[in-house]
Structures are given as structure tokens and as C-alpha cells.
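Undergrad: This structure is in C-alpha cells; I'll ask about it shortly.
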Amino acid sequence: MQKKIYFLAFIIIAIVSLTIFAKIKSSQRLNYWERKYVKYYNRIQEKTGEKYTKYLPSPAPDQLLEVDFDKVDAKLKSLPNWMTQEIEQKFSKYENFSTQHVLKSYNLATNQDNFTLFTIKNGVVTHENKFEVTRGDFLFVISFYEKIFAYLSRKGYIKNLSFVLLIDDAISGDYSHVSTTNIAPILVFSRNDNKHLDKDTVLVPDWFSLMGWVYNIVKIEKANKEFPWEKKLEIVFWRGGNADISGYRHGLVELSAKLKHQKIDVQFSHGAEATTGYVQVEDHIKYKYQISIDGLTSTWDRVVWQLYSNCVMLKQRSDLVQWFYSAIKPGKHYVDVGTNPDELLSILSSYSDDELKEIAENGQKFAKENLMPEDMMVYLIAVLQKYETLQNSK
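Residue numbers 3 to 396, in this note's numbering, belong to the letters of the sequence shown in order.
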């Protein structure tokens, strides 16, 4: 009897909430009702498992409830030029394509790559992965994006489409023998512009950024106030894992050890080679020079918060790119430190302190105008809308 009461109550709440979702334009009020929906959805699921909730729309991830969709709507009406150019350029080889082309892309996957096929139809989102995914982090990320797509569909941003999204660091398999004609573009979080198949993929914001950035913004802003440029330590600082596709991380860690971490404090904080502990993002900000170094792929959310900080970002030169890289320029938004760790300090010394401060300010301005949670959602929606238009024009 109690379960029936819960179920009936939840159905009423769901109907009322979804009706309100469809009518309310104010993001603040909409998020209030979304949170109510999440609260009761979770409560029913705790009591009854998925017996009833499986028939109802999945609630939005908490992170999306922090996004101001009024700002998203405004920016979608007038995309920044760099967003338009990036999206148009990467879709330029695809005049149109069908669901069959999407399936062909999906079936290219080797067992090294977690290609996940998402289908959105009449507001319902499903996914398929031809390799049995058992890793908890992969399952979580697939579920996370599925909820995002359901939310965007529910709000009318996207309607009916199918696409392949790589749920992993980067494309790992060897596709040098594969023809890239008559396939649909694959969505990825990081791309190698000099690698076959990879270079024809379309970038979207990664899950680290979508999940964590909304919470890190406040921490970074507080640290920026505590450590203005003049109070920062003049040290190149980095903490991270020992995944290292280029060898640059290991080279810089070795150089740091030789210098006894005086001018360069770069150490592994997790993994078999760790020599120190994890450092919170906000605790990086007291160091003037923040460096971005590729691991197995590009650095995802690290570049975002480094640009948003009032530190100057140093960036290893690399073929690995993310969704906004075409808009940031060396010498303006960051310092290009090349590919040889031993040259880092000499490159850095070629800039005056005033020049470095200006680069830091330019990077922060770019991040505030282009890399906020709303901007990430704008870019994701714009990519999906372009994808849907091309797919349904076939």
C-alpha cells in the first residue's frame, strides 16, 4: 500500500513538474522545480529501486541545475565567431549523412575504443555499446551524458538523432586502413589533428569539465582574490599522474628534482611514481606559473581552470586539441613552452613580468567570456543541432 502511495504521489509530482518545465522561461524558477523533481525521484528510487522510476524521465545531473539557461538561449542566438568557425570547419566534409552512416561509424570500433551509440527519439534517450562495459567510471560517464541529452531533448534543444560519442581519453585503436568516406562524424573530447580518423572527429566538452567546473569556479575566484599577481610565488607548479604520451611530464619531473623544486615544482602526486600528495585546485593559485602537460590525452579541465585563474598558463606544444583550442593563441592567452622540458626556463625568461601578467589577464578574460558552464552547454548544443540538421537532411 505504501509503495502505491509513493508511486501515485510521484506521478502527480512528475506531471506537475514536467508541465511547469514546459512553460517556465526563467532558469532560476525552472531549476527550483527541477530540484524538487530530483528530490522526489531519488526518494522513490531509494524506496522502490527502479520499479517505478524507470518509466519516468531521468532528472538532470546536479551540475546542469547550476547552469543559467537564459544565458545559454541568448548566446545560442549569436554564437561567438570562433565557435561558428570551429563547428562549420569540422562538419564541412559531411554534406549530410543518415543513421546508416552513424551505424557504420559505430561499427568501426575496435575493442580498444569505447564507442558509444546514443539515440534520441521522441524525447527518449538510449545507448548501445558493443563491448561489454564493466568499468564503473565508464558506466557513470555514459549515464551522465545520457541524462544531459535527455534534459536537452526535454527542453527542445534537440529532437531526433543518433551519434557516436567516444567515452574515453582518446581514440586508441589503429584505423589507418579505414576509409573515412561515407561515415558520420564521431564526437570526442580530445583530438589528434595529425592522426587518421581522429582528425575528422568533432570535439565536445569533456565530462571532467561538465561535472566539476561549476563547483571549481567559486574556489578559483576565492584563491584569485587571496593571491593577486604581486603576491604569487615565482615557481612553475604542477601536480598530476604519470600517464605521459609525450614524455614531457617525466622530463619536467626530472628537471624539477635536479633543481630541488626551487624554480620548478613539478611532481607526480598519484600513481606508482608519486613523490608527493594531491593538491587541491585552489591551492595551485599561489604559484604564478601553471603548466598544462598532456597525459594520455590533452588535459581537459586543467586548461579551463588555469586560464580562469590569475596565473599565467604555460602550455606544452602538442597535436592534441580540445573544443576551444582554435580560439586561444600562444603569446596572447598562454605561453608556448615547446616540446623540450629543458628549454622551459629559458623560454619563460624571454618574457618580462608585465608581459606575463598581460597574458594571464588575456587568458582569464577569454575564460570568463567563453569557458563558463553556460558556454560549454552552448557549444555542446550547437554541435548536436548541427549534427541533427545534417543527419535529417539526408
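Quick reminder that beta carbons are idealized off the backbone N, C-alpha and C, glycines included.
#1: To which residues of the same chain is V420 closer than 6 Å at the C-beta, ignoring the five residues directly before and after it?
#2: Roughly how many angstroms separate the alpha carbons of S395 and F191, rounded to a whole number?
#3: At the level of alpha carbons, what is the spacing between A24 and K157?
#4: Can we say the region 102-110 touches the region 77-85, given the rule of at least three CB pairs closer than 8 Å?
#5: From the DSSP secondary-structure annotation, give me the bridge partner or partners of R241.
#6: Output yes or no for whether 8 Å exceeds the beta carbon distance between L235 and K288.
#7: By Cβ distance below 8 Å, which residues in the same chain neighbour L309 in space, the five residues on each side in sequence not counted?
#8: Let's see if you can read the secondary structure: which residues bound the alpha helix (DSSP H) around L58?
#9: For N162 and P63, I'd like the C-alpha separation in whole angstroms.
#10: Count the other CB atoms within 10 Å of the CB of L66; is the residue buried (16 or more) or exposed (fewer)?
#11: What did DSSP end up calling K331 once you bin it into helix, strand or coil?
#12: Quick check on Y280: does DSSP put it in helix, strand or coil?
#13: Output the distance between the C-alpha atoms of G297 and G279, rounded to the nearest integer angstrom.
#14: Going by DSSP, which residues form a beta bridge with T182?
#15: DSSP three-state label for N194, please.
#16: Should Y291 and L350 be called a contact, given that it needs their Cβ atoms to be closer than 8 Å?
#17: Is it buried or exposed for F142, if we count other Cβ within 10 angstroms and need 16 for buried?
#18: Which value, in whole angstroms, describes the spacing of the CA atoms of S348 and N342?
#19: Name the DSSP bridge partner or partners of M315?
#20: Excluding sequence positions up to five away, which residues of its chain have a Cβ less than 6 Å from the Cβ of N244?
#21: What's the gap between the Cα of K77 and the Cα of K262?
#22: Looking at the secondary structure, which residues open and close the alpha helix (DSSP H) in which E357 lies?
#23: In whole angstroms, give me the CA-to-CA distance for F326 and L205.
#24: For the region 37-52 against the region 128-140, do three or more pairs of beta-carbon atoms, one drawn from each stretch, fall closer than 8 Å, so that the two count as touching?
#25: Is S351 helix, strand or coil by DSSP?
#26: Using only the alpha-carbon positions, how far apart do P375 and V127 sit?
#27: Here's the rule I'm using: 16 or more other beta-carbon atoms within 10 Å means buried, otherwise exposed. How should T112 be labelled?
#28: Quick check: what's the CA-CA separation for K95 versus N218?
#29: Compare the Cα-Cα distances from V69 to each of D170, Y57, V380 and report the closest residue.
#30: By how many angstroms is the C-alpha of L58 removed from the C-alpha of K317?
#31: Scan the region 67-145 and note each continuous beta strand (DSSP E) run of 3 residues or more that stays entirely inside, going in chain order.
#32: Report yes if the C-beta distance between Y120 and A186 is below 8 Å; otherwise report no.
TA: In terms of the structure at hand:
#1: Not covered by the structure: residue 420. The range shown for the chain is 3 to 396.
#2: 26 Å
#3: Any reading at A24 needs caution, since the residue's pLDDT is 47, under 50, leaving its predicted position unreliable; the model's value is listed next. Near 7 Å, if we compare the C-alpha coordinates of K157 and A24.
#4: no
#5: Q269
#6: yes
#7: M315, I330, H335, Y336, G365, Q366, F368, A369, L373
#8: That residue, L58, is in no alpha helix (DSSP H); it is neither H nor E in DSSP.
#9: 21 Å
#10: buried
#11: coil
#12: coil
#13: 18 Å
#14: According to DSSP, which records beta bridges pairwise, T182 is partnered with nothing at all.
#15: strand
#16: yes
#17: exposed
#18: 11 Å
#19: Q292
#20: F270, G273, E275
#21: 48 Å
#22: 355-372
#23: 9 Å
#24: no
#25: helix
#26: 23 Å
#27: exposed
#28: 37 Å
#29: V380
#30: 45 Å
#31: 117-123, 126-130
#32: The identity of residue 120 in the sequence shown is Phe, whereas the question assumes Tyr. Contact: no.
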